[in-house]
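Notes to accompany the following structure.
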Amino acid sequence: GAGVSQSPRYKVAKRGQDVALRCDPISGHVSLFWYQQALGQGPEFLTYFQNEAQLDKSGLPSDRFFAERPEGSVSTLKIQRTQQEDSAVYLCASSLGKGNTEAFFGQGTRLTVV
Amino acid sequence: AQSVAQPEDQVNVAEGNPLTVKCTYSVSGNPYLFWYVQYPNRGLQFLLKYITGDNLVKGSYGFEAEFNKSQTSFHLKKPSALVSDSALYFCAVRDFGNEKLTFGTGTRLTIIP
Chain A
1 GAGVSQSPRY KVAKRGQDVA LRCDPISGHV SLFWYQQALG QGPEFLTYFQ NEAQLDKSGL
61 PSDRFFAERP EGSVSTLKIQ RTQQEDSAVY LCASSLGKGN TEAFFGQGTR LTVV
Chain B
115 AQSVAQPEDQ VNVAEGNPLT VKCTYSVSGN PYLFWYVQYP NRGLQFLLKY ITGDNLVKGS
175 YGFEAEFNKS QTSFHLKKPS ALVSDSALYF CAVRDFGNEK LTFGTGTRLT IIP
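Residue numbers (the working numbering), protein chains in the order written: chain A, 1 to 114; chain B, 115 to 227.
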């Protein structure tokens, strides 16, 4: 596709439920990022992949958060035992990964935990 | 560590007037600087970037930004504002050799007809 695609666009989860958020990056983009954007805030870094390797997961808030990119393309962010404070927009971005290139963002998945 | 500050939560400008959205940054090495715009229920759209070279960089929709190393600033500018420029603007920084972006808290720009 022409841009970064995320699904679902909206997800309502009951507290304690597990969720999986999907990201399809731009074809050929080596780097893939996940960010969390709380209401009224700027995006905050969660994790980063270069191809299938997860090179930085320093932003994941707890061990309930897990991300994978097994074939170096599509990525999934999984949140186990969701809590109300997990409610946010989750943004995926991809880039060519050549150091000075910009990242392109998807429209995000808005997660609401009730 | 890398960080970004956007000192204004809200900027109001009359249509046709010049606009400035402020950003200052902190990095340990040479910065890569970016501006993104976010419309309601949309993802972030890339506007422009500074990597190296000329301090004045030009981007999409008539926007430009000026890199000032001594003041560690990267302010976004446009000579003549349009109502359609109303949106949320984010400044972001990457340190050389670090792939992750650090974003500011955003500035809501409102252009008044």
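Where a beta carbon is used, it is the ideal one built from N, C-alpha and C, also for glycine.
* Asked: So who's on the other strand from A:Arg22, going by DSSP bridges?
  -> A:Ser7, A:Thr76
* Any beta-carbon of chain A closer than 8 angstroms to the one on B:Glu213? -> yes
* Asked: For B:Phe177 versus B:Leu162, is the C-beta spacing smaller than 8 angstroms?
  -> yes
* Looking at the C-beta of A:Asp24, does it have a partner C-beta in chain B at a distance below 8 angstroms? -> no
* May I ask you to list, following chain order, the residues of the stretch 91–110 of chain A that have a beta carbon less than 7 angstroms from some beta carbon of chain B? => Leu91, Asn100, Glu102, Ala103, Phe104, Phe105, Gly106, Gln107, Gly108
* Segment contact, 8 angstroms Cβ cut-off, at least three pairs: the stretch 91–98 of chain A with the stretch 23–31 of chain A -> yes
* Could you check if B:Gly167 is buried or exposed, using at least 16 other CB atoms within 10 Å of its CB as the buried criterion? => exposed
* Candidates B:Ala119, B:Leu158, B:Ser184: closest to B:Ala201 by CA position -> B:Leu158
* **Neighbourhood of B:Tyr139 by C-beta, 8 angstroms cutoff - its chain only, sequence neighbours within 5 removed** => Gln116, Ser117, Val118, Ala119, Pro145, Leu147, Thr186, Ser187, Phe188, Cys205, Val207
* To do: Could you give the DSSP three-state label for A:Asp63: helix, strand or coil?
  => coil
* Beta-carbon proximity of B:Glu122 to B:Thr219, cut-off 8 angstroms -> no
* Quick one: which chain B residues come within Cβ less than 8 angstroms of A:Gln41? -> Going along chain B in sequence order, the residues near A:Gln41 (Cβ under 8 angstroms) are Thr219, Gly220.
* **Min CB distance B:Lys163 to chain A below 8 angstroms** => yes
* Is B:Glu213 buried or exposed, if buried means 16 or more other CB atoms sit within 10 Å of its CB? -> buried
* As assigned by DSSP and simplified to three states, the class of A:Gln84 -> A:Gln84 falls in the helix class under three-state DSSP.
* Any C-beta of chain D sitting closer than 8 angstroms to the C-beta of B:Phe188? -> Among the protein chains in the structure shown, which are A and B, there is no chain D.
* Alpha carbon of A:Thr76 to alpha carbon of A:Ser87, nearest angstrom -> 17 angstroms
* Go ahead and pull the three-state DSSP assignment for B:Tyr175. => helix
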